[in-house]
Structures are given as C-alpha cells and as structure tokens.
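Read in order, the letters of the sequence shown correspond to residues 28 to 411 in the numbering used here. The C-beta atom is built at its ideal place from N, Cα and C for all residues, glycine as well.
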Amino acid sequence: MIEFEPGKILKKRYVIESLLGKGGMGKVYLATALKHPELRFAIKELLDVFPSMEERKLALDALKKECNILSNLRHPRLPRIVEQFNEYEREYLVMEYVEGETLEDRLKRFSYPMGEEEVILIAIQLAEVLHFLHIAPGYPIIYRDLKPANIILQPGEEISIKLVDFGVARFYKPDKIGDTVRFGSPGYAAPEQYRKEKQSIPKSDIYSLGVIMYQLLTLYDPTVTPFKFSPIRSLNPEISEELEWIISKAIELDPDKRYTDMEFFAEELKIYYRDIFGYLPEELLYETSGPTQMAYMSSMRSSKLAITSLVTGITSLYACNCMPFGLPFSIIALITGYMARKNMRIAEHINPNENYLSIGGIICGILGVSIQLLYLLIIIFSNF
C-alpha cells in the first residue's frame, strides 16, 4: 500500500502532514485544511488490499459505523467527525485530530502505577462519556472495546481524556438475542461479550472500565489471565479498601452484581474523590474550545444561514410583483448570505455545498432588490 508523502492533497481540501500510525486495516495521517492551515485533522485510510473480500467488508463496515455513530454525537470527550469520502479507490474518514498520548503509551513509559487521584479523574471522565453513549437518543451505544490504546490523554496541567476508535461500537437493542459479531479485546472485554447467544450490554463497558482502573493502579496486564484478578491491594497495598471494593464491584463476572449503570458508577467515583481529596475539579465540567471546535460551530451556523439566504432570496423574487413586500425578503437574503459567507471563512472546508447555497441566496437577493428598485423607478417616472 502506497504511503502518502507530506504535501499530498486529498479531496482538494486536506494537506497531508505526516503519518500518525498504521495497523492491519489501514493508516492514519495528520492533515491540515488547505485554506486554513491552523486546523488539523486525523484522516483514517482503509487498506485497498485485503486477504479476502469478507475481511474488507468487515473493515469497511467498521469505518462506516464509526462515521455514523460519531457524526450524530456531540461531547467534549469524543472526537468530531468531519466527513467520509472515497478517493484513489480508497475509503477515508476525516475527524478532529486529538493531540496527546494513549494510556497504553503512558503505561509503557513508566515503570510504576498511577496515583489514585489521577486514575479516578480519568475513570470519572470515561464513565461520564460512556454514560452519554448509553443514553444516546434512539438506541443506546455500547462502546465494546474500552482499553488503554483507545483512550488519549491530552496535554496540559489538568487531566483530560478523549475516547477514540468506534469501529466495533454497536447500538444496544434489549430484545436482541446476541451480538451479530462478537468483538472485544481479550483481558478488557466482559465475559458476556464472548458467550454465544449473549450480547454486549451497557454493563459490559462498566467491566472494561473497572479493568482499566485495576491495570493503571497495579500495572498488571489483564491480557495475561483474562477474568482472573487477585485482590487489588495484594498488588498495591497503598490502595484504600473502599477503592478496592468499588473496582471489585465493577469487574464482577456476573453482570447483575456490577453497578446498575454507568451513571451510578460515575457518582460512586465522584463521592469517593470528594471524601478523599475534599473537592471535585472544575475540569470535569469544562467545555472544549479551539480552532476545530470553532470550525464546527461556524459550520453549523453557516449551514442554517445559507439555507435561510436561499429560501428568502427565492421568496423575494416571487414577491417582486407585490411591491414593496418583496424588498424585506431581498434584504434578509443579502444579510444572511453575507453572514453565511463570513462564517465559512473558517468552516468552508467542512461543507463546501453551503458556498453555493449562500451565493444563490445573495444572487436572488441582489436580483430581488434590483427588480424592486426598477419597479419603484418606473412608478416614480410614470407619475411625471
């Protein structure tokens, strides 16, 4: 598979900067927007050659599923999807670039466990975003593949994470007998994810989060002996009995013995944190900002403005013979079209079709104003 060199342009909008990583299904590139170099994106490229058509279909389905799930979700702990497209006979998924290192890399860099405070802050943030997925409108979303490699620690003084890679996530339907395809990383996936005629449930993610906490606090690799855990204090005596109980409840093999839901798990962690450290950090409630976030906000605004401009512009043309009622529509079309264009200075690369909508609205507005003024001049001169 050919690797793109820095400077390669995709879809006339994205400039490849570097290769971030590659795996069995494809590669991930760091790219910038051609017209706005300050905006950075991660572009997933699917392999163009697979050992079999079945494997290619599975990989393509995973890419499309990730796009479909994330494109409809907005949460500060999730990367935002920009678009999916096909070019050079390959499939691409463009998303927000998340800077930082994975928890897996963090574990490799240090030879000692994380402290309780750091682990609990990470766990609370994960619990909150997973709860958000579990109560998503329509069908709840089960992440199914929670592991250190899919959690990014963002740079900064405060603990802040993002959850990435939704290729094996699925919608949860309580009346379904079992998962169509059983997925999960050994050691982190809950027992029910491997049982025939059983399906992944919200409590499956609770189990995985408990395992990650166990690993961060002990450095024990759960892939060595899946489903078998020694008492956590036998590996790290500095862990409190209360935290040991919380984690043990999360990693119960029987789903009925785990926490009722992810929200309850998060609240339990917050209560423990307040009791031990006396406060709950404000960053748990922070809102993201920055160029990419601004681009999305601008994109959403420009889309609405562009549509409004075109609709009012067309209306103004129909109302031209009803002087002066068409004039306000023409003016609105011009103003909203201009505002849409202004927003697209930041967001045009996300949805260039809005460009045509806003231009159409502006043209209709100009025509409407011109026709109305012409009628007005005709009326004035006809009176002389």
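| Distance, residue 146 Cα to residue 184 Cα | 15 Å
Just to confirm the assignment: which complete alpha helix (DSSP H) runs, minimum length 4, are found wholly within the segment 223 to 247? For the segment 223 to 247, whole alpha helix (DSSP H) runs of length 4 or above, ordered along the chain, are 229 to 245.
Quick one: measure Cβ to Cβ for residue 151 and residue 37, integer angstroms, because I've assumed they're closer than 8 Å.
Their Cβ separation, rounded to whole angstroms, is 37 Å, which puts residue 151 and residue 37 out of contact at 8 Å.
Worksheet item: What residue does the alpha helix (DSSP H) around residue 269 start on, and which one ends it?
Response: 268 to 277
In terms of residue numbering, what span does the alpha helix (DSSP H) encompassing residue 152 cover?
143 to 161
Practice problem: Have a look at residue 60 and residue 121 and give me their C-alpha separation to the nearest angstrom. | Solution: 11 Å
**Study point:** Inter-residue CB distance, residue 126 and residue 181 (contact presumed, cutoff 8 Å)
**Key:** 6 Å
Neighbour-count burial assignment, residue 143, 16 or more Cβ in a 10 Å radius:
buried
**Message:** Using 8 Å as the threshold, is the C-beta distance between residue 251 and residue 89 below it?
**Reply:** no
Practice problem: Determine the DSSP secondary structure at residue 52, reduced to helix, strand or coil. | Solution: Residue state for residue 52 is assigned as coil, using DSSP reduced to three classes.
Completely contained alpha helix (DSSP H) runs for the segment 106 to 140, where each covers 4 or more residues:
130 to 136
Point to revise | Residue span of the alpha helix (DSSP H) that contains residue 296, given as start and end | key: 289 to 304
Can you give the beta carbon distance from residue 242 to residue 171, rounded, assuming they're within the 8 Å contact cut? So it is not a contact: roughly 18 Å between Cβ atoms.
Residue environment, residue 211, which counts as buried when at least 16 other CB atoms sit within 10 Å: buried
Inter-stretch contact (C-beta, 8 Å, three-pair minimum) for the segment 158 to 170 and the segment 284 to 296: Contact holds: three or more Cβ-Cβ distances are below 8 Å.
What separation, rounded to the nearest whole angstrom, lies between the Cα atoms of residue 342 and residue 407?
When rounded, the distance between both Cα atoms is 25 Å.
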